[in-house]
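Trainee: Numbering (this note's numbering), first residue to last: 974 to 1179.
Using N, Cα and C, we set each Cβ at its ideal position, and we do this for glycine too.
Let me give you the structure first, and then I'll get to my questions.
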């Protein structure tokens, strides 16, 4: 209900009717899992350097329709960020402009439900560019895999500390690591976590 009310006012701010499709009712059993790599961890001052995404349809990752884009940032890459995603400024020499990537990303996700790990940060990064461009924030329904995992574990081991670190969740669900840490691989591994959780007994996706 809250999301419906929020999107009612959000929709009124839309500057381009071309993107009205974002407010349509979400496709059933279709999701987009995505991840952003950035120049740092502050959504207010840092920039996106890459976006990776995959479509999940009927419990299947549609790998033929992957979304992988590199973005030329306006802010300098921080050393701590480079240690994580290993993207250097020289790797972004042929990267695209964020305005073009955002448009392509919106066409890619459509009205699908968005899935991710630490998704609030990724959504904030997208909204940073989307709000000035179109006047809106992403209206899509969202699902955070760490929350789904927490609810699953709390039913199994109530009143216990639940480790929500990405690698811990992967190991507990027996999902193989793809090794390289980048936006696409992270989106792919997160989508595997989501599918595994979605099909466990007693797990309800709200």
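Alpha helix (DSSP H) containing residue 1160: first to last residue?
Mentor: Residue numbering aside, residue 1160 sits at position 187 when the chain shown is read from its first letter. Start and end: 1156-1171.
Trainee: Tell me which residue opens and which closes the alpha helix (DSSP H) that residue 1097 is part of.
Mentor: Reading the chain shown from its first residue, position 124 is the one you call residue 1097. Note, residue 1097: alpha helix (DSSP H), 1092-1107.
Trainee: At the level of alpha carbons, what is the spacing between residue 988 and residue 1102?
Mentor: As a first step, residue 988 is located in the chain shown; it is residue number 15 there, counting from the start. As a first step, residue 1102 is located in the chain shown; it is residue number 129 there, counting from the start. Residue 988 and residue 1102: Cα-Cα distance of roughly 14 Å.
Trainee: For the 8 Å Cβ check, are there 3 or more pairs between the region 1016-1030 and the region 1159-1179?
Mentor: When C-beta atoms of the region 1016-1030 are compared with those of the region 1159-1179, three or more pairs fall below 8 Å, so the two segments count as touching.
Trainee: Go ahead and label residue 1138 buried or exposed: buried means 16 or more other beta carbons lie within 10 angstroms of its beta carbon, across all protein chains shown.
Mentor: Locating residue 1138 in the chain shown gives position 165, counting from the first residue. Exposed is the call here.
Trainee: Alpha helix (DSSP H) containing residue 1119: first to last residue?
Mentor: Translated into the one-based positions of the chain shown, residue 1119 becomes position 146. In this chain, the alpha helix (DSSP H) harbouring residue 1119 covers 1118-1129.
Trainee: May I ask you to report which of helix, strand or coil DSSP gives residue 1020?
Mentor: Numbered from 1 along the chain shown, position 47 holds the residue referred to as residue 1020. Three-state result, residue 1020: coil.
Trainee: Distance check for residue 1166 and residue 1036, CA to CA, integer angstroms please.
Mentor: As a first step, residue 1036 is located in the chain shown; it is residue number 63 there, counting from the start. As a first step, residue 1166 is located in the chain shown; it is residue number 193 there, counting from the start. Between residue 1036 and residue 1166, the C-alpha separation is close to 15 Å.
Trainee: Might you give, ordered along the chain, the residues of its own chain that have their beta carbon closer than 6 Å to the beta carbon of residue 1164, omitting 5 neighbours on each side?
Mentor: What you label residue 1164 is simply residue 191 of the chain shown in a count that begins at 1. Within the same chain, residue 1164 has close Cβ partners 1006, 1027, 1029 and 1034.
Trainee: Going by DSSP in three states, residue 1004 sits in which element: helix, strand or coil?
Mentor: On the chain shown, residue 1004 is found 31 positions in, with the first residue counted as 1. Of the three classes helix, strand and coil, the one that applies to residue 1004 here is strand, per DSSP.
Trainee: Would you check if the distance between the CB atom of residue 1043 and the CB atom of residue 1014 is smaller than 7 Å?
Mentor: Here residue 1043 refers to the residue found at position 70 of the chain shown. Here residue 1014 refers to the residue found at position 41 of the chain shown. No, the pair does not count as a contact, with Cβ atoms beyond the cut-off.
Trainee: Taking Cβ to Cβ, would you say residue 1084 is nearer than 7 Å to residue 994?
Mentor: Here the question's residue 1084 lines up with position 111 in the chain shown. Here the question's residue 994 lines up with position 21 in the chain shown. Contact: yes.
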